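**Q** From first to last, the protein sequence lines stand for chains A, B and C. Just so we're aligned: 441 in our numbering is position 153 of the first sequence, and the numbers increase by one with no gaps anywhere. Just so we're aligned: 30 in our numbering is position 10 of the second sequence, and the numbers increase by one with no gaps anywhere. Just so we're aligned: 322 in our numbering is position 318 of the third sequence, and the numbers increase by one with no gaps anywhere. Glycine included, each C-beta is placed from N, C-alpha and C at the ideal position. Source: prediction; values computed, not measured.
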Amino acid sequence: MSYVMERAMDRSPAGGAQRYLGAVQAGPRFCDLLSGVRRYLVHSVFARAINLWDGQEFLTLLPLSRGCGATWATVAVAPGESFLDFGLAPGLEVEARSGRWVRLGPEVVVDFGSALAWESKLAAVAVGDVRETHLRALLDTLLRAPAPSPIRGAIDGNGGPGRGIVALLDGLRASVQAADGARLGAALGGLVGFGPGLTPSGDDVVAGLCLARAVMRKACGKPDGFWEDAVREALGRTHALSGFLVREALGGRSHEFAEDALYHLLAGGPRETAHGATRLVSIGATSGFDMGVGIYLAAEWQRRYAWCSSG
Amino acid sequence: MATVKNWPPTGAVVNLGSSVFARSMRDQGASVYEVLWEPPARGKLELIEILDVLAGREDIEEANRLALERYSSAQPVLVGIGRARDVIPGFGGKMLLHAGPPITWDRMSGPLKGAIVGAIVYEGWAASPEDAEGIAVEGDVEFSPCHEHSAVGPMAGVVSPSMPVFIIENRTAGNRSYCTLNEGLGKVLRYGAYSSEVLDRLRWMADVLAPVLAKGIELSGGIDLKSIIAQALHMGDEVHNRNRAATSLFIRTVAPYLLDTGFPLANIRRVLEFMNGNDHFFLNLSMPAAKAMLEAAHGVPKSTMVTVMSRNGTDFGIKVSGLGAEWFVGPAEKVKGLYFPGFRDEDANPDIGDSSITETAGLGGFAMAAAIPIVQFVGGTPDDALGFSRKMYRITMTENRFFSIPVLGFRGTPTGIDLRKVVETGILPQINTGVAHKDPGIGQVGAGLVTPPWECFEKALLAFAGRYA
Amino acid sequence: MFERLTVKKDAYYDSVVLMRLTQEVQRLAGITDALVGMATDLNKDSARAMGFADPELEEAGPNDLIVALVGEEEKILDEAGKVVAARLESRPRPRTGAESTRPEAVYSSLSEVPIGGGGVAAISVPGTYAAREARAALRRGLHVFLFSDNVSLEDERVLKETGRREGLLVMGPDCGTAVIGGIGLGFANKVRPGRIGIVAASGTGLQQALAVIDRLGEGITHAIGTGGRDLRREIGAITTLMGLDILEQDEATAVKMVISKPPHEEVRRRVIAALEGGSKPSVVCFMGEEGGMPGAGAGAGKVRFAGDLEEAAVVACSLAGAGAGRELYPQEEIEAIVRGVAARMPGAGGGTGRVGGHLRGLYGGGTLCEETMTVLARSGIEVYSNVAWRPELLLEDPEMSHAHTCIDMGDDYFTRGRPHPMLEPGLRAPRYLREARDPDVGILLFDVVLGYGCHPDPAGVMAEAVREAAEIARRGGRALVQIAVVVGTSGDPQGLAGQEKALRDAGAVVLSSNYAAARLVALLLGSGRFSR
């Protein structure tokens, strides 16, 4: 048995760190960080998430079992542990060493040496017709979720406070079909940056729409169009991290749970779709739910109006 | 058969290494002495082996006791002022002395070159600075370190043959040391300035200041520098970067005698004003006092006591009592500190001057806790000042018998740098110093803290092992 | 009445110090008057008033120190003079803040620590420097707990011989665990005081024994670690024999226990002879050897041999009068667990409880890893490993499992430049999930070691991985049995019950004995017969 305590010394790559975390899974974008191609700073720290950014792009670290993604990585920490206790602060420079160690701050090192590569299931998905059974499973899961989202009115058939939202979402659908740029811009303007949550509900529903649309368009070889340009333009209204996630969704990339929910909707069975949706709505207070609504609406509109293929 | 002593052990545990274990043993109720462990000798096994061989050697301890005794019993007394070529041993002809270890013209830094040029013009060996540079380039002037002539000089430390120098005598052993008179602040030769204003001042110092002071010193029968230093440490000086109290004490001591010198009152007044206007006047006395004490301790075979630490603006060199005349040299480092308004990091010359002789003698940065106001000048906090002094006890052999630090309970200053301890702990001597502009003639641009390069001590230890292990 | 005046030339001292010193000397018995001060005019007047009229006094200047003493006897003046000299030599040094002698203070080297003999130095610095610090500790009269590894065999021998000469115990190098006088050193469990005294050459082996002893309601006197090489011929069991001597002398110890890998034959004879020559019953576990081997010689019968760590602890407890002297998990209980697994995973082996897949064990405790391989080998199950004794079972690449595999993740290969999994159990998570994804894998096995010095919530970290692995198996439609061995005591800081619950809630089978876990694995893999 061997115990190497070199970490207490300054000489090892992980020198001096109080916490030495193992990265379990990491998305492909972490290559940029590990290889030193891009230099990242700590952007924000939450109890169960650490965001890094290079001024444009973000990378996010989550506890194991909270899902991965192209720009996400998971690390092994205990359920009771909070990233807030790791002495991290926004603005700290993130240092990568030997393509393996990432020092987030004076006290924390994350070892990516054994991390499993995260791969998107959506890369090879064959998109056929959207099936109603799957849509139903997704919708039921969303309706059962207790998320306190202002977007809820869009799916539960209740007018109420969601009335304005319903109109805006309907505007998104109709303006794309009618190729009405002014109306689309106005509808996006009412959604982007709107609502509660670290990522506003309006952003999340737009991200869900973008993700589903991007995957379905990619499957039939359609390039970016009218909608994509309008979304990019509207993103100036929201904050950098949320805008980044919507831009990623435009590229067909999102958090693992959103991607899985979409994957099962398009290529799995109804049970998997419901299971995937359950995991999706567990993200944040409303974020997962709102993305789920976006995915649902995009799929529903595609089924009825070929919405994703138009615009 | 009781083969094991002290069993069961007391609840006291010394923890070396992981602090996780220290914490968990404390949680269990043990009394834990926590050692913040770092690898000895910066982790170099070759050096560690040498340290192990040298550890606890009674002959080395004996040699160090002798060297320390010679240092401690030294009584540096200012006995007079003389012309450099007349009094400094081995000095004459077209020779200039400079600070630090030996160096050739081509490797000299800006301030040292400037001071050399100024001194050549001052001596009349060249009519203009351009000619002077030509002479220096062609090697018509011999350069030699002050330290090889029992002399010391602040900053560039340039001494030319006709300059007046203080003569300090160690009344115990009889050895003497020498230093120029301090020119004041601003555009001065020691920072490499050589304008006519600078040279005129030097001439006034030779023609008026030196004769008046020399007579006063003669009348006083010699001025005990050691007691002035000891008192100044209790008045906020560390006699390297702060000499305000010591300068005042010196003036108080010498002033009555000056009145009896018979020189015109106007001259005496100017002399007093000159000294009074320069808080660092005493630096050129604290340095040779330190030199006189340390030179007495030099040359004790097997002693690991460091007796010289000095810089020429390019290299940093040390000497060790038991290693004779050999210099152990590494690159001079940049000073970390505070800059005067309008100056920045890039303006700074690497560390320069013989003034680190004060630290070598247990003063300066070693006595920083005695001079807490100095942190306003060199940067840091009062706690840093206390911390620096405390840290130096870990690399020194003893606590000074004469110089003490009130705030540390009148603990003697850390004295007698032990080469072995520096290498063992990896702690480098802490030096308080002024910062010269890298270009000649601009002067002091700031002050701060610096250490010698590690190489000096590593090389010295290897040499020591080669000779005595 | 006697008078004495001494003048010390050119010796400046602070006036406050001198005033205080004067007062101190004046209070000395037999001293009638005293003055210690700089020879200022004022002080010279005072000295004259005391009756001194020496020319030396008249010549003294303000930079000279005068000591004027008047006393009843010459001898008293001598004493007072010594006091003055001593005070002036070593000035008062009030210690404040970081300089205080409180044990909480932080020091920069062993030499600064104000500790007398009789304490322990716990050393966990990198191996290259560890022997040097251990030598220094022995010079200070301290027993040594040497956690560091990578100390040469020669250094170990010299340290232990020095210790033996000086009567000091050298525990280690590479000593993971010890409990001395109730204080755990290194990775150590909280155990109640009891009657069993242990000498152990394995850290986790010792921890497993402590966990079982705790579970059976017994406790220990001391658990002395020796480091893994003490029973090699080059070392000759120096620390083991000193430890057994301590336990023999110790009145509270009723039963002795020795845990080690199989020793060198000659060393073995000496250890057994020491046990047989002692006055107390003892249990020996030479891991990897079969239990129940008879002793030889006059003291035979005093020494019992155990085939695994659980048995060693169980036998020791029963010798001390605690526990039923039988396995912690009887065969019926293990079988019930198998049935439970089968009920929860109908896919597993068609309801028989057997699993078709391979075993993958990821251990932090190397000793436990080896024990599992030994136990399974006795059941005819061959297990590949990065630490296999049999070369044909040694993995070519420690990163790649093959068939049934158990990995010691505390081995050098995995811990170079990284913390040990006992400190960061999550470092096993990526490998754990990689094994979970392998469609050939049916059983995942791992240890969770509790105690002081270990991770604050190791079960919590691994529970997340267990959940994730379960999700992977669920998606793949596979049966995957996950088994956690929790090595800990009820008093451990992590909370034994909570740790076990976290793993159970995540879906793992939780056992407190590694031996039992190995038996469970054997049953799941279809080897029903099981004997010790």
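Just to confirm, is the Cβ distance from residue 341 of chain C to residue 524 of chain C under 8 Å?
**A** For the purposes of this step, residue 341 of chain C is taken as the residue at position 337 of the third sequence. For the purposes of this step, residue 524 of chain C is taken as the residue at position 520 of the third sequence. Yes.
**Q** Kindly indicate if chain A contains any beta-carbon less than 8 Å away from that of residue 451 of chain C.
**A** Locating residue 451 of chain C in the third sequence gives position 447, counting from the first residue. Closer than 8 Å: no.
**Q** With distances taken from CA atoms, which of C:520, C:46 and C:125 is nearest residue 333 of chain C?
**A** In the third sequence, residue 333 of chain C corresponds to position 329, counting from 1. Out of C:520, C:46 and C:125, C:520 has the C-alpha closest to the C-alpha of residue 333 of chain C.
**Q** Would you report the Cα separation of residue 127 of chain C and residue 137 of chain C, rounded to the nearest angstrom?
**A** Residue numbering aside, residue 127 of chain C sits at position 123 when the third sequence is read from its first letter. Residue numbering aside, residue 137 of chain C sits at position 133 when the third sequence is read from its first letter. Cα to Cα, residue 127 of chain C sits roughly 8 Å from residue 137 of chain C.
**Q** Kindly list, in the order they appear in chain C, the residues whose Cβ is closer than 9 Å to that of residue 373 of chain A.
**A** In the first sequence, residue 373 of chain A corresponds to position 85, counting from 1. Within chain C, no residue comes near residue 373 of chain A; the closest Cβ sits about 11 Å away, beyond 9 Å.
**Q** Between B:69, B:439 and B:182, which has its C-alpha nearest residue 111 of chain B's C-alpha?
**A** Looking up residue 111 of chain B in the second sequence gives position 91. Here the closest residue by C-alpha is B:182.
**Q** Straight-line CA distance for residue 425 of chain A to residue 344 of chain A?
**A** Working through the first sequence from its first residue, we reach residue 425 of chain A at position 137. Working through the first sequence from its first residue, we reach residue 344 of chain A at position 56. Roughly 37 Å separates the two Cα atoms.
**Q** Can you say whether residue 362 of chain A is buried or exposed, counting buried as having 16 or more other CB atoms within 10 angstroms of its CB?
**A** If you number the first sequence from 1, residue 362 of chain A lands on position 74. By the 10 Å Cβ count, residue 362 of chain A comes out buried.
**Q** Closest to residue 415 of chain A by C-alpha separation, out of A:575, A:466, A:382 and A:509, would be which residue?
**A** Residue mapping note: residue 415 of chain A aligns to position 127 of the first sequence, counting from 1. Looking at the Cα atoms, A:509 is the closest of the given residues.
**Q** Taking only beta-carbon positions, decide if residue 136 of chain C is within less than 8 Å of chain B.
**A** The sequence position of residue 136 of chain C within the third sequence is 132, counting from 1. Residue 136 of chain C counts as touching chain B.
**Q** Could you give the distance in angstroms between the alpha-carbon of residue 252 of chain C and the alpha-carbon of residue 389 of chain C?
**A** The residue labelled residue 252 of chain C in the question sits at position 248 within the third sequence. The residue labelled residue 389 of chain C in the question sits at position 385 within the third sequence. Answer to the nearest angstrom: the Cα atoms are 39 Å apart.
**Q** Out of A:466, A:599 and A:432, state which residue places its alpha-carbon closest to the alpha-carbon of residue 511 of chain A.
**A** Taking the first residue of the first sequence as position 1, residue 511 of chain A is located at position 223. The shortest Cα separation from residue 511 of chain A among A:466, A:599 and A:432 belongs to A:599.
**Q** Tell me whether residue 394 of chain C is buried or exposed, calling it buried when 16 or more other Cβ atoms sit within 10 Å of its Cβ.
**A** As a working note, residue 394 of chain C is residue 390 in the third sequence. By the neighbour-count rule (16 or more Cβ atoms within 10 Å), residue 394 of chain C is not buried but exposed.
**Q** Using a cut-off of 7 Å between C-beta atoms, extract the partners of residue 365 of chain A located in chain C.
**A** Numbered from its first residue, the first sequence carries residue 365 of chain A at position 77. Under the 7 Å cutoff, chain C gives 430 and 465.
**Q** Taking Cβ positions only, does residue 497 of chain C come closer than 8 Å to chain A?
**A** Position 493 of the third sequence holds residue 497 of chain C. Judged by the 8 Å Cβ criterion, residue 497 of chain C is not in contact with chain A.
**Q** Is residue 503 of chain A closer than 8 Å to residue 550 of chain A when the C-beta atoms are compared?
**A** On the first sequence, position 262 is the one that residue 550 of chain A refers to. On the first sequence, position 215 is the one that residue 503 of chain A refers to. Yes, the pair counts as a contact, with Cβ atoms nearer than the cut-off.
**Q** Is there a Cβ from chain B that is less than 8 Å from the Cβ of residue 11 of chain C?
**A** Taking the third sequence and counting its residues from 1, one reaches residue 11 of chain C at position 7. No - not a single Cβ of chain B is within 8 Å of the one on residue 11 of chain C.
**Q** Hey, does residue 437 of chain C have any beta-carbon neighbour from chain A nearer than 8 Å?
**A** Here residue 437 of chain C is taken as the residue at index 433 of the third sequence, counted from 1. Judged by the 8 Å Cβ criterion, residue 437 of chain C is in contact with chain A.
**Q** Got a sec? Which residues, its chain only, sit under 6 Å from residue 16 of chain B by beta carbon, not counting five neighbours each side?
**A** No statement about residue 16 of chain B is possible, as the shown extent of chain B runs from 21 to 489 and does not include it.
**Q** Answer yes or no: does any C-beta atom of chain A fall closer than 8 Å to that of residue 472 of chain C?
**A** Your numbering for residue 472 of chain C matches position 468 in the third sequence. Yes, residue 472 of chain C counts as interfacial toward chain A.
**Q** Can you list, in chain order, the residues of its chain with a C-beta nearer than 7 Å to that of residue 408 of chain B? Leave out the 5 residues immediately preceding and following it.
**A** The residue given as residue 408 of chain B occupies position 388 in the second sequence. Closer than 7 Å at Cβ, skipping near neighbours: 385, 388 and 450.
**Q** Beta-carbon of residue 535 of chain C versus every beta-carbon of chain B: anything under 8 Å?
**A** Translated into positions along the third sequence, residue 535 of chain C becomes position 531. Here residue 535 of chain C scores only 42 on pLDDT, less than 50, and its place in the model is too uncertain to base an answer on.
**Q** Counting only Cβ pairs nearer than 8 Å, list the residues of chain C close to residue 551 of chain A.
**A** Indexing the first sequence from 1 puts residue 551 of chain A at position 263. The premise fails here: residue 551 of chain A is roughly 12 Å from chain C at the closest Cβ pair, so nothing lies under 8 Å.
**Q** Just reading off the alpha helix (DSSP H) that residue 373 of chain C is part of, what are its end residues?
**A** Here residue 373 of chain C corresponds to residue number 369 of the third sequence, with the count starting at 1. Segment 370–382, the alpha helix (DSSP H) holding residue 373 of chain C.
**Q** If you follow the beta strand (DSSP E) that residue 437 of chain B is part of, which residue opens it and which one closes it?
**A** If you number the second sequence from 1, residue 437 of chain B lands on position 417. Start and end: 431–437.
**Q** Can you pull the chain C neighbours of residue 394 of chain A, defined as C-beta to C-beta under 7 Å?
**A** Within the first sequence, residue 394 of chain A is the residue found at index 106, counting from 1. Under the 7 Å cutoff, chain C gives no residues; its nearest Cβ is about 17 Å from residue 394 of chain A.
**Q** Taking the C-alpha atoms as reference points, what is the distance between residue 180 of chain C and residue 263 of chain C?
**A** Numbered from 1 along the third sequence, position 176 holds the residue referred to as residue 180 of chain C. Numbered from 1 along the third sequence, position 259 holds the residue referred to as residue 263 of chain C. One C-alpha to the other measures close to 13 Å.
**Q** Which residue wins for smallest C-alpha separation from residue 22 of chain C, given the options C:89, C:245, C:203 and C:247?
**A** Along the third sequence, read from residue 1 onward, the residue named residue 22 of chain C stands at position 18. Considering only alpha carbons, the answer is C:89.
**Q** Name the chain C residues that come within less than 9 Å of residue 493 of chain A, Cβ to Cβ?
**A** The residue given as residue 493 of chain A occupies position 205 in the first sequence. In chain order: nothing, as chain C lies at least about 27 Å away.
**Q** Check whether chain C comes within 8 Å of residue 578 of chain A, counting only Cβ atoms and requiring the distance to be less than that.
**A** Within the first sequence, residue 578 of chain A is the residue found at index 290, counting from 1. For residue 578 of chain A, the answer is no, since every Cβ of chain C falls outside 8 Å of its Cβ.
**Q** Applying a beta-carbon distance threshold of less than 8 Å, which residues of chain A neighbour residue 266 of chain C?
**A** Your numbering for residue 266 of chain C matches position 262 in the third sequence. The premise fails here: residue 266 of chain C is roughly 16 Å from chain A at the closest Cβ pair, so nothing lies under 8 Å.
**Q** Could you tell me if residue 421 of chain A is buried or exposed, where buried requires 16 or more neighbouring beta carbons within 10 angstroms of its beta carbon?
**A** Locating residue 421 of chain A in the first sequence gives position 133, where the first residue counts as 1. Exposed.
**Q** Of the residues B:258, B:39, B:105 and B:427, which one's Cα is nearest the Cα of residue 110 of chain C?
**A** In the third sequence, residue 110 of chain C corresponds to position 106, counting from 1. The candidate whose alpha carbon is nearest that of residue 110 of chain C is B:39.
**Q** My understanding is that residue 436 of chain B touches residue 453 of chain B, with C-beta atoms under 8 Å, so please give their C-beta distance in whole angstroms.
**A** Stepping through the second sequence from its first residue, residue 436 of chain B is reached at position 416. Stepping through the second sequence from its first residue, residue 453 of chain B is reached at position 433. Not confirmed; about 21 Å, so no contact.
**Q** Relative to the alpha-carbon of residue 41 of chain C, which residue among C:92, C:476 and C:34 has its alpha-carbon at the smallest distance?
**A** Stepping through the third sequence from its first residue, residue 41 of chain C is reached at position 37. When only C-alpha atoms are compared, the closest one is C:92.
**Q** Spell out whether any CB of chain C is found under 8 Å from the CB atom of residue 352 of chain A.
**A** Stepping through the first sequence from its first residue, residue 352 of chain A is reached at position 64. Chain C, which has a Cβ nearer than 8 Å to the Cβ of residue 352 of chain A, makes this yes.
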